[in-house]
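Colleague: Below is one structure. I have some questions about it.
Numbering (the numbering used here), first residue to last: 992 to 1188.
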């Protein structure tokens, strides 16, 4: 009974802290305790949120107060970060211009002068581009979907390729053995040529 009462008191104390500091309100879209959803109810003991698939989840307030919390709707604007991989054979400057132009053409992208496109990383098999753009918070999901689609379609039209992993499945072990023998023979010929034999 003592342990149960202790947990209840922790939840009530956390509920008081939530009421005082108000990190979210009913209707806000948040991420907490590894879950995301819209806040539907706040009691002294629990906070409830509705997930995107319409499930209602109740979380004890000590968990809500104790875990990192992200309030996605607290600000009127959100920054959108998108990543696109292109081939090392593609013209990087051309690809950057394409991404910038597609972002600037979208009617819901805000503050176009702050939209940024650049090379994010040189990956193992691709050059990774990054787009940063500001959008109104309610438009975030739609703009993200639109830009992904529009940039892919424009890449296709402009001949810019998006690399993806390839798998080669060899079913016959004799083929593997033959390939290894060919590689060894080629390596031996190269070594002989270098030594002058």
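For every residue, glycine included, the Cβ atom is placed at its ideal position computed from N, Cα and C.
1. Where does residue 1163 fall in DSSP's three states?
2. Looking at residue 1054: is its Cβ nearer than 7 angstroms to the Cβ of residue 1024?
3. Report yes if the CB atom of residue 1030 is closer than 7 angstroms to the CB atom of residue 1044, and no otherwise.
4. Put residue 1015 into one of helix, strand or coil per three-state DSSP.
5. Could you compute how far the alpha carbon of residue 1105 sits from the alpha carbon of residue 1058?
6. Check whether the stretch 1123-1140 touches the stretch 1172-1181, taking contact to mean three or more Cβ pairs, one atom from each stretch, closer than 8 angstroms.
7. Quick one: what does DSSP say residue 1149 is sitting in, helix, strand or coil?
8. Roughly how many angstroms lie between the CA atoms of residue 1076 and residue 1062, to the nearest whole one?
9. For residue 1041 versus residue 1050, is the C-beta spacing smaller than 7 angstroms?
10. Take residue 1016 and list the residues in its own chain whose beta-carbon comes closer than 8 angstroms to its own, dropping the five residues that flank it on each side.
Modeller: In terms of the structure at hand:
1. coil
2. Result yes, Cβ atoms of residue 1054 and residue 1024 sit closer than 7 angstroms.
3. no
4. coil
5. CA-to-CA, the gap between residue 1105 and residue 1058 works out to about 32 angstroms.
6. no
7. The three-state secondary structure of residue 1149, taken from DSSP, is helix.
8. 30 angstroms
9. no
10. 1030
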